[in-house]
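Novice:
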Amino acid sequence: MKKSYKHILLADDDLDDCEFFAEVFTRNFPEVKLSISSDGGKLMSLLGSPPDPTADLIFLDLNMPIMSGPECLEKIRNSDTLKDNIVIIFSTSSSQSDIAKMYSLGANYFITKPADFNDLKNLISKALAIVGETETSRPAFENFYIKL
Amino acid sequence: MIELPDALREKILREVIDTAPFPIGVYTGHKMKIVLANQCMIETYGKGPNVIGQNYTEILPELENQLIFEQLRDVLKTGIPYEAKNSRVDIVVEGVLKPHYFNYNFTPIFGEDKQVYGVMNTAAEVTALNVSRQQTIEIEKRLRLAVESSQLGTFEIDLENGIITGSKRFLKFFGTPIKNSLTLPAVQKYIHSGDKNLWEESVEKMYSKGQLQCEIRIKIENAVQWIRLSGTLSESDNKENIIVGIAQDISEERQHSEELLKLVEQRTAELKRSNDDLKQFGHVISHDLKEPLRKISMFSNLLLESADSSHLSKIMQYAQKINKSSARVSEMIDAILNYSSSGSLDLNEIVDLNEVLQSVNEDLELKIKDKNAIVEYASMPHLCGSNTLLYQLFLNLISNSLKFSRPGSDPIIKIEYQTTHESLHIFITDNGIGIAAENSQRIFNTFERLHSKDEYEGTGLGLSLCRKIVERHKGEIKLIPSENQGAVFEIIFPINIICR
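Going line by line, the protein sequences match chains G and W. Note that the numbering used here has the first sequence beginning at 1, numbered continuously upward. Note that the numbering used here has the second sequence beginning at 1001, numbered continuously upward.
1. Is the stretch 31-39 of chain G touching the stretch 74-85 of chain G in the sense that three or more CB pairs, one from each, lie closer than 8 Å?
2. Count the other C-beta atoms from every protein chain shown that fall within 10 angstroms of the C-beta of W/Q1135, then say buried if there are 16 or more, exposed otherwise.
3. Since G/L62 contacts G/D98 with CB under 8 Å, what's their CB separation in whole angstroms?
4. With W/D1352 as the anchor, note down where its beta strand (DSSP E) starts and where it stops.
5. Mapping the DSSP letters down to three states, classify G/C72 as helix, strand or coil.
6. Under the assumption that W/I1109 contacts W/V1119 (Cβ atoms under 8 Å), give the Cβ distance between them as a whole number of angstroms.
7. Just how far apart, CA to CA, sit G/M1 and G/N78?
8. Expressed to the nearest angstrom, what Euclidean distance is found between the alpha-carbon atoms of W/E1365 and W/L1479?
9. Just to confirm the assignment, what range does the alpha helix (DSSP H) spanning W/G1194 have?
10. Use the C-beta contact count for G/E31: other C-beta atoms within 10 angstroms, 16 or more gives buried, fewer gives exposed.
11. Per DSSP, what kind of secondary structure is W/N1103 in: helix, strand or coil?
12. Rank W/R1014, W/I1413, W/D1352 by C-alpha distance to the C-alpha of W/L1390 and give the top, closest one.
13. So, at 7 Å on beta carbons, what are the nonlocal neighbours of W/S1059 in its own chain, with the 5 sequence-adjacent residues on each side left out?
14. So that I know if they touch, is there some Cβ in chain G lying closer than 8 Å to that of W/L1302?
15. Under 8 Å, do G/I130 and G/F59 count as touching if we go by C-beta distance?
16. What did DSSP end up calling W/T1388 once you bin it into helix, strand or coil?
17. Taking 8 Å as the CB-CB limit, is G/D16 close to chain W?
18. DSSP state of W/V1051, grouped into three classes?
19. Grab me the residues of W/K1371's own chain with a C-beta within less than 8 Å of its C-beta, minus the 5 sequence neighbours each way, in chain order.
20. To which residues of the same chain is W/L1293 closer than 8 Å at the C-beta, ignoring the five residues directly before and after it?
21. Quick one: is G/T92 near chain W, going by C-beta distance under 8 Å?
22. Can you tell me which of the three DSSP states W/L1364 falls into?
23. At which residues does the alpha helix (DSSP H) containing W/R1142 begin and terminate?
24. Quick one: Cα of G/E23 to Cα of W/L1302, how far?
25. Measuring only between beta-carbons, confirm whether G/D116 sits less than 8 Å from chain W.
26. Figure out for me which residue from W/I1243, W/T1057, W/E1015 has the closest Cα to the Cα of W/Q1039.
27. How would you list, in chain order, the residues of chain W whose beta-carbon sits under 8 Å from the beta-carbon of G/K113?
28. Show which residues of chain G have a CB atom less than 8 Å away from the CB atom of W/E1331.
29. Who pairs with W/V1096 in a beta bridge, going by DSSP?
30. Using a cut-off of 7 Å between C-beta atoms, extract the partners of G/F20 located in chain W.
31. Use the C-beta contact count for G/L123: other C-beta atoms within 10 angstroms, 16 or more gives buried, fewer gives exposed.
32. Can you find a C-beta in chain G that's less than 8 Å from the C-beta of W/K1369?
33. Could you tell me the distance, in whole angstroms, from the CA atom of W/E1140 to the CA atom of W/I1163?
34. By Cβ distance below 6 Å, which residues in the same chain neighbour W/T1165 in space, the five residues on each side in sequence not counted?
35. With DSSP as the reference, please indicate the residues paired to W/T1028 in a beta bridge.
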């Protein structure tokens, strides 16, 4: 059965990127609740008091002040209550070393921020479709990086 | 000689005299008439074959003033033989006057009446021997000059008993009084502890191969000297089992090469650092610079989508965002240009810090007015450095203080200085939001940003540029803990940066 997600979190310090992201959801997935944190610290405190409805899909930027993406991911994976969250890395980076590092830290998928709004829309739709199938199980490394 | 018939006896004697390989001649009378000269003597005169019967004084006029005639006449007069050793006689042979060396004898020949009848002249030419002796003296003289001018010490090591004798300079290397000689075990004591193994190996090799070749440190009362020893087995017949060699003080040479090595290391570190900087630029171009460009593209997409709709406010908002992003690109390119050009400027200008701060104030006038800020500074010193760089340094620091001001309170920025014997300390103090102590190092990294860029705009190059500028002036910059809220930067320059 295909799972659909009701409450999606985004942590990104770039307000423009947050706006693009929100625009995609407003247009394509109006039924989904989107909560945005502008740094890793805010994301962790949001996760600390259970969000309503329960969030289970997190889009995580890498370079953020206060607490970076990798730091958040480690905290999530080391927490008994949070470790089952699906984490999709959402970064400007497309470097192989970043991708490999995030895979080894336990992220579920990796998306590079595109330079085209339609690409962004399609990438997010694709990511949602994939995690709807695989849910919390992690893919093999060759399927870790989602591209169009 | 056994008894022989007179005729045979005379023939033999004549034959012996004539063919003797050394000159024999007999002269008689005051004019020294040559009554006998063997073949060898005739050649020695160098005046052709027909000399017998002629007067010695006449065929050898060049001997006048060489005391030879006097010696001959003395023998004739007194009957006392004359002997000369290694004596120089200049003779014209085949028309050329040349020095010759002889061991020669003038022996009186007595007649029946016991009176001196004549003088027998025998001689052995030792010219070749003398020439080589003079060459030896010449070579030795040159060698001594070479040894002296290159500050070499010479030594001999007797392999039988380990006794070392040496020249004055050689003994001085070991702090040994000139009259004393050294021994191998005594030298061992002076070898620097770090070179003892090398010395032992070299001595072993000297015994097995007859060659000594090493560079060692000699330590005498805390003074360390580098000495190069090179020696080889003597080839002289009377010096068997003796190593002869030279020793040279190479301390200076070693010091130069160590300094050179240090310089190379320093330059390598500088190169590595500039290489690392370049890598960081690469990182930025692929990352930070791409980001505003991506935004421009994204907002253009959205702008295009909205173009045919009536959402004028949206269209204006997207266009503004595009403008903002392109301004960021241009700002970053400027910052990178500044950063990379800070490497090649004149660092020996006389810089009046008062003027620098004055022009920084003028350039920041709008922001200062906008924020209602106060920038205070006492009378500042004149520095020796780059005007452009020091201007950028204070521009960056003061803009930072303005940028990170505390909302709701007017920024106060103070620039003060104090001096010690060694250094000039400049403090830049503000009352802004401050910087947490754990970030005090990170802030100087290239492209490090503590705040999200939407909160505080910036390229992430400002403070790293400041650090680079200060280091170019041989100083250091650091964030120091502040008693009050706000940030305090301390810049420390060596005291000689102040122009007097």
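Note that beta-carbon positions come from the ideal geometry of N, C-alpha and C, so glycine has one too.
Specialist: With the structure as the only source:
1. They do not touch, by the three-pair rule.
2. The residue is exposed, with fewer than 16 neighbouring Cβ atoms inside 10 Å.
3. Contact holds; Cβ gap of about 7 Å.
4. Counting along the chain, the beta strand (DSSP E) containing W/D1352 begins and ends at 1349-1352.
5. Helix, per DSSP.
6. Taking 8 Å as the upper bound for CB-CB distance, W/I1109 and W/V1119 are in contact here, some 7 Å apart.
7. Confidence at G/M1 is low in this model, with a pLDDT of 46, below 50, so its placement is unreliable and no value can be given for it.
8. Between W/E1365 and W/L1479, the C-alpha separation is close to 26 Å.
9. Note, W/G1194: premise wrong, no alpha helix (DSSP H); not H, not E.
10. Looking at its Cβ environment, which holds fewer than 16 other Cβ atoms inside 10 Å, G/E31 is exposed.
11. Correct three-state label for W/N1103: strand.
12. Closest option to W/L1390, judged by alpha-carbon separation, among W/R1014, W/I1413, W/D1352: W/D1352.
13. Checking the sequence, you will find Ile at residue 1059 of chain W rather than Ser. The residues Y1045, K1047, V1051, in chain order, have a CB closer than 7 Å to that of W/I1059 in the same chain once the five nearest residues on each side in sequence are set aside.
14. True, the Cβ-Cβ gap to chain G drops below 8 Å.
15. No, these two residues do not count as a Cβ contact at 8 Å.
16. Three-state DSSP puts W/T1388 in a helix.
17. So yes, G/D16 belongs to the interface.
18. Three-state DSSP puts W/V1051 in coil, outside helix and strand.
19. The beta carbon of W/K1371 is closer than 8 Å to those of L1402, S1405, D1410, P1411 in its chain, skipping five residues each way along the sequence.
20. S1325, V1329.
21. True, the Cβ-Cβ gap to chain W drops below 8 Å.
22. In this structure, W/L1364 counts as coil in the three-state DSSP scheme.
23. The continuous alpha helix (DSSP H) containing W/R1142 extends over residues 1127-1149.
24. Between G/E23 and W/L1302, the C-alpha separation is close to 10 Å.
25. Answer yes: the Cβ-Cβ gap between G/D116 and chain W drops below 8 Å somewhere.
26. That would be W/E1015, whose Cα lies nearest to the Cα of W/Q1039.
27. Ordered by position in chain W, the residues that pass the 8 Å Cβ test against G/K113 are R1294.
28. Going along chain G, no residue has its Cβ under 8 Å from W/E1331, so there is no contact; the nearest lies around 16 Å.
29. Bridge partners of W/V1096: W/V1093.
30. The contacting residues are M1298.
31. Taking all protein chains shown into account, G/L123 has 16 or more neighbouring C-beta atoms within 10 Å of its C-beta and is therefore buried.
32. Nearest CB-CB separation between W/K1369 and chain G: not below the 8 Å threshold.
33. In a straight line, the C-alpha of W/E1140 is about 24 Å away from that of W/I1163.
34. Excluding sequence neighbours, W/T1165 sits near E1156, S1181.
35. Per DSSP, W/K1033, W/G1118.
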